[in-house]
Amino acid sequence: MPFIRVSYLKSHYESAQLERVSHTLMSALIQHFEVPADDLFQVFHSHHPDEFYYSSHYLGVERSDGLLFIQITLKSGRTTEQKTSLYSTLAEQLSRTVPMRKEDVFIVLVDTEYEDWSFGNGMAQMLNQ
């Protein structure tokens with residue numbers, strides 16, 4: 064049940080590249096977190112340069128304007144090993160499929176609980192699972 068937001072500079076990525084990002088994200092989530100294949104909820108946000116700020120060298124990572132901010136909100140419960148495996152897989156696969164630099168893959172996982180989700184109809188569907 065991940066909900067994914069991807070933010071990027073509008074001038075840097077084309078539709079075909081963003082579609083490859085989407086497929087790569089879903090494939091990695093299926094592989095590492097056993098997400099169902101039809102659990103697809105992704106939003107891509109394009110930004111102008113005056114709306115997109117980042118440190119080009121924080122923690123020794125040299126970032127460029129090709130940076131993708133990937134925020135994945137999901138149910139808590141994944142291990143540190145699962146999370147770090149996801150990070151490395153995404154960096155590797157996105158660098159090949161988009162293509163893009165591994166340094167420009169910025170991922171944040173946001174853990175939530177079942178009561179934090181409503182998939183429509185004003186109901187908390189996951190509480191009934």
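According to my numbering, the stretch in the sequence shown is residues 64 to 192, in order.
The beta-carbon is built from N, C-alpha and C at its ideal position, and this holds for glycine as well.
* Would you tell me roughly how many angstroms separate the C-alpha atoms of residue 178 and residue 187, rounded to the nearest one? => 6 Å
* Asked: Using a Cβ-Cβ cut-off of 7 Å (strictly less than) and excluding sequence neighbours within five positions of residue 80, which residues of its own chain qualify?
  -> 161
* Does the distance from the C-beta atom of residue 64 to that of residue 98 stay below 9 Å? -> yes
* Which word fits residue 83, buried or exposed, when buried means at least 16 other C-beta atoms lie within 10 angstroms of its C-beta? -> buried
* Taking the C-alpha atoms as reference points, what is the distance between residue 141 and residue 96? -> 7 Å
* **residue 71 - containing beta strand (DSSP E), residue span** => 66-72
* **C-alpha distance - residue 75 paired with residue 123, whole-angstrom precision** => 23 Å
* Asked: Of all the options 72, 184, 171, 85, which has the alpha carbon lying nearest to the alpha carbon of residue 133?
  -> 171
* Asked: Between which two residues does the alpha helix (DSSP H) containing residue 160 stretch?
  -> 143-160
* Asked: If you compare alpha carbons, which of 190, 88, 68, 189 is closest to residue 151?
  -> 88
* Asked: Near residue 85, what residues of its chain come up, given a Cβ to Cβ distance below 6 Å and the 5 sequence neighbours on each side ignored?
  -> 105
* Asked: Using the C-alpha atoms, what's the distance from residue 91 back to residue 67?
  -> 13 Å
* **Opening and closing residue of the beta strand (DSSP E) in which residue 107 lies** => 105-110
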